[in-house]
Amino acid sequence: VLRSTGWIITAAAATLALLAVVPIPDGPARLGLPALSNNAPTVGAGALAAPDGSLAQSGTGGGTRGSLSQSGGYLGFAETLDTSVRGDLGDQIVMRVRSPEPAFWRGQTFTDFDGRSWTVSADTGVARTGPTIAVPPTIGDALGSGIESNELVQTFFIEADLPNVVFAAYRPTQVVFDGTVWTRPDGALRSDVTLTDGSAYTVISQRLQVTPEILRRQGDIAIIFDEFRQIDSTNVLEPFLAIPDSTTDRTIELAEQLRTPGESTYDTILAYQSWLSANTVYDLNAPVPAAGADAVDDYLFESRRGFCEQIASTLAIMLRSQGVPTRLATGYIPGERDRVSGVWKVRASDAHSWVEVWFPETGWEAFDPTAKVPLAGDAGDGTVGGDLLGAMMTSAASHPLELGMAGLIVMISWSSTRAIRTLQQRRRRGRWGLLQDRFSALDPTSTTNPEVAESLVERFSDPTDPRTVASALDRAAFDPTWVDDDGSFEAVAGAVSTLERRPG
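Per my numbering, residue 4 is the first one in the sequence shown, and the count goes up by one each step.
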């Protein structure tokens, strides 16, 4: 049972603590949160709205992304998501999140896939009016599983004009909101007003303390689901098994080949992710599939290049083809934690999509296959997933709560700020991000490039100046005027290689 009063007080206190960091509008407020009465109402009951209150545009287009003003900068916040949509979202801060733990800030889930585009459920749900809104369980949520859980309080401060998507860590159970929120059966939350710069709200989520062992012990979900189907042919999870007519035989055959009969679905997911890591690459400039081509087939067998929407869609459809309920989720990765304020700074470029897989005991569990796929041109140097796993292992002893909260290799790893930064840098700087990883590994105890450089200066008397390397890497990561060029990269890469060959 939620301790509602205590959590509301906590939420208000968190809001007040953020006043020095995030400006709060003047005027009447409720429960310490800024009033939203001046925000523009949305058009259509429960409909997805653009920042100006009009109906949001569909997330489709000829391989281009919309501007920030159209759909929060990411077309995954729309009724339809075309997997060919791509582009650079930029580094504008879109919101700050006060939360003691990191999480995927989920905004939407998608059920229907036609071979190229995903579409959200047409059911807008139920309108519930604040300030304190109870969020009921939705389709596929675990009920009474007996697994230990914890409550996570998150306060979101919006710093850009976003659509009316109420972001939350899974599974939200309560929202403190000055207005009306539509609680949808697909798990998404939408407000009846625009969420523009200066808006704020608090979400309380109930999170099961899931571990890999708990997921593995649930066995082969396809077999379990077949048993459910025999009992109830109208099972509400059936839509999460549908694959489009365009799904090719070779896609299904690959999924079958990588799946070991009798092993757990969790191990099957790991096998699929390993194959994607070994055979495909992450590339924002991936070619758009030909007209009429199936996006998953194109990614697996033709281009073998893609970005998060294509990679996540591929894992989802491979699992569906084997009888495992899945859906696509969109939102933001945790962002960068401010060490002083403890607030997560979330940027437009942190927008992301991942897969949610249904488990009979624990409900929807998030898996991020993109983190296992190497960046184009750097496949031989490592993967984001490998670094995240390493960060997980080194932080497990001091972060048992985060380790238990997710129970999956990628999501667990969000407990490490360095792991989050690694993913962000690789997306934004490509090969320089991989070079950054190698330099950081020369002194894992240091947290900044200058610190790494100073430790190396003390250890080596060598013409190769690690301070020069540190300066170049910092410019690549943080200087907005920085421009990549092969000469500079080769010089810094050579210096890093020299430092790596020095005895420790």
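Beta carbons are placed, not taken as given, at the ideal position from N, Cα and C, and that holds for glycine.
Query raised in the report: Do the CB positions of L523 and P372 come within less than 7 angstroms of each other?
Result: Because residue 523 is not part of the residues shown, which for the chain are 4 to 507, the question remains open.
Requested in this report: Measuring alpha carbon to alpha carbon, tell me which of Q276, E216 and R131 ends up nearest T2.
Outcome: A query on residue 2 cannot be resolved here, the shown segment of the chain reaching from 4 to 507 and no further.
Query - Rounded C-alpha distance that separates S335 from T158 - result: By one-based count along the sequence shown, residue 335 stands at place 332. By one-based count along the sequence shown, residue 158 stands at place 155. Per the sequence shown, residue 335 should be read as Tyr rather than Ser. Y335 and T158: Cα-Cα distance of roughly 15 angstroms.
Query - Length of the line joining the Cα atoms of T127 and L155 - result: The residue labelled residue 127 in the question sits at position 124 within the sequence shown. The residue labelled residue 155 in the question sits at position 152 within the sequence shown. If I take the Cα positions, the gap works out to 26 angstroms.
Query raised in the report: For A171, which three-state DSSP category applies?
Result: Within the sequence shown, numbered from 1, the residue matching residue 171 stands at position 168. In this structure, A171 counts as strand in the three-state DSSP scheme.
Report task. May I have a chain-ordered list of the alpha helix (DSSP H) segments no shorter than 4 residues that lie completely inside the segment 244 to 290? Result -> Whole alpha helix (DSSP H) segments, 4+ residues: 252 to 261 and 268 to 282.
Query raised in the report: Whose C-beta lies closer than 8 angstroms to the C-beta of P26 among residues of the same chain, with five residues either side of it excluded?
Result: The sequence position of residue 26 within the sequence shown is 23, counting from 1. Caution applies to P26, whose pLDDT of 39 falls short of 50 and renders its modelled position unreliable; the value that the coordinates give is listed next. Taken in chain order, the residues that qualify are G201.
**Report entry** Cβ pair I224, I320 closer than 7 angstroms
**Finding:** For the purposes of this step, residue 224 is taken as residue 221 along the sequence shown, with counting starting at 1. For the purposes of this step, residue 320 is taken as residue 317 along the sequence shown, with counting starting at 1. If you check the CB distance, I224 and I320 do not come in under 7 angstroms.
Requested in this report: Can you say whether D487 is buried or exposed, counting buried as having 16 or more other CB atoms within 10 angstroms of its CB?
Outcome: Taking the first residue of the sequence shown as position 1, residue 487 is located at position 484. Around the beta carbon of D487, fewer than 16 other beta carbons lie within 10 angstroms, which makes this residue exposed.
Query raised in the report: Does the separation of the CB atoms of L459 and P469 fall below 7 angstroms?
Result: Locating residue 459 in the sequence shown gives position 456, counting from the first residue. Locating residue 469 in the sequence shown gives position 466, counting from the first residue. Cβ atoms of L459 and P469: closer than 7 angstroms.
**Report entry** Bridge-paired residues (DSSP) for N153
**Finding:** Here the question's residue 153 lines up with position 150 in the sequence shown. The partner list for N153 (beta bridge, DSSP) reads R210.
Report task. Name the residue from V299, G79 and P264 whose alpha carbon lies nearest to the alpha carbon of D117. Result -> Position 114 of the sequence shown, counted from the start, is the residue given in the question as residue 117. Looking from the CA of D117, the closest CA among V299, G79 and P264 belongs to V299.
Query raised in the report: Per DSSP, which one or two residues make a beta bridge with A137?
Result: Mapped onto the sequence shown, residue 137 falls at position 134. BP columns for A137 point to Q177.
Query raised in the report: Does the beta-carbon of A125 have 16 or more other beta-carbons within 10 angstroms, so that it is buried, or is it exposed?
Result: As a first step, residue 125 is located in the sequence shown; it is residue number 122 there, counting from the start. By the 10 Å Cβ count, A125 comes out exposed.
Query raised in the report: How would you call I226, buried or exposed, if buried means at least 16 neighbouring beta carbons within 10 angstroms?
Result: Along the sequence shown, one-based indexing puts residue 226 at 223. That one is exposed.
Query - From Y275, S208 and R253, residue whose alpha carbon lies closest to that of I136 - result: Locating residue 136 in the sequence shown gives position 133, where the first residue counts as 1. Taking only the C-alpha atoms, the option nearest I136 is S208.
Requested in this report: Could you tell me the distance, in whole angstroms, from the CA atom of A171 to the CA atom of E305?
Outcome: Your numbering for residue 171 matches position 168 in the sequence shown. Your numbering for residue 305 matches position 302 in the sequence shown. Counting only the Cα atoms, E305 lies some 36 angstroms from A171.
**Report entry** Where the alpha helix (DSSP H) through G490 begins and ends
**Finding:** As a working note, residue 490 is residue 487 in the sequence shown. Taken as a continuous stretch (DSSP letters only), the alpha helix (DSSP H) holding G490 covers D489 to R504.
Query raised in the report: Relative to the C-alpha of L257, which residue among Y302, I217, S87 and I234 is closest?
Result: The sequence position of residue 257 within the sequence shown is 254, counting from 1. Out of Y302, I217, S87 and I234, Y302 has the C-alpha closest to the C-alpha of L257.
Query raised in the report: The beta strand (DSSP E) spanning S194 covers which residue range?
Result: By 1-based counting over the sequence shown, the position of residue 194 is 191. Run containing S194: L192 to S194, per the beta strand (DSSP E) assignment.
Query raised in the report: If we call anything under 7 angstroms between Cβ atoms a contact, is T112 one with G182?
Result: Taking the sequence shown and counting its residues from 1, one reaches residue 112 at position 109. Taking the sequence shown and counting its residues from 1, one reaches residue 182 at position 179. For T112 and G182, no; Cβs fall outside 7 angstroms.
**Report entry** For A53, the three-state DSSP class (helix, strand or coil)
**Finding:** Looking up residue 53 in the sequence shown gives position 50. Three-state DSSP puts A53 in coil, outside helix and strand.
Query raised in the report: With DSSP run on the structure shown, which of helix, strand or coil describes R323?
Result: Walking along the sequence shown from the start, residue 323 turns up at place 320. If DSSP states are grouped into helix, strand and coil, R323 belongs with the helices.
Query raised in the report: Between which two residues does the beta strand (DSSP E) containing D229 stretch?
Result: Taking the first residue of the sequence shown as 1, we reach residue 229 at position 226. No beta strand (DSSP E) holds D229; the alpha helix (DSSP H) holding it covers I224 to I234.
Query - Rounded separation between E503 and E493 - CA only - result: Position 500 of the sequence shown, counted from the first residue, corresponds to residue 503. Position 490 of the sequence shown, counted from the first residue, corresponds to residue 493. Roughly 15 angstroms between the two C-alpha positions.
Query raised in the report: With a cut-off of 7 angstroms, does the C-beta of A298 fall near any C-beta of chain D?
Result: Reference to chain D is not applicable here, since this structure consists of a single protein chain.
Query raised in the report: What three-state label does DSSP hand I142 in the structure shown?
Result: As a first step, residue 142 is located in the sequence shown; it is residue number 139 there, counting from the start. Residue state for I142 is assigned as coil, using DSSP reduced to three classes.
Query raised in the report: Mapping DSSP to helix, strand and coil, what is Q111?
Result: As a first step, residue 111 is located in the sequence shown; it is residue number 108 there, counting from the start. Assignment of Q111 by DSSP, reduced to helix, strand and coil, places it in the strand class.
Query - Residue of P215, W108 and Y269 minimising C-alpha distance to T205 - result: On the sequence shown, position 202 is the one that residue 205 refers to. Ranking the options by Cα distance to T205, first place goes to W108.
Report task. Kindly indicate the opening and closing residues of the alpha helix (DSSP H) around E457. Result -> Numbered from 1 along the sequence shown, position 454 holds the residue referred to as residue 457. E457 -> alpha helix (DSSP H) spans N452 to R462.
Requested in this report: Indicate whether the contact test is met: 3 or more Cβ pairs, each with one atom in the segment 334 to 353 and one in the segment 265 to 274, closer than 8 angstroms.
Outcome: The segment 334 to 353 vs the segment 265 to 274: no contact.
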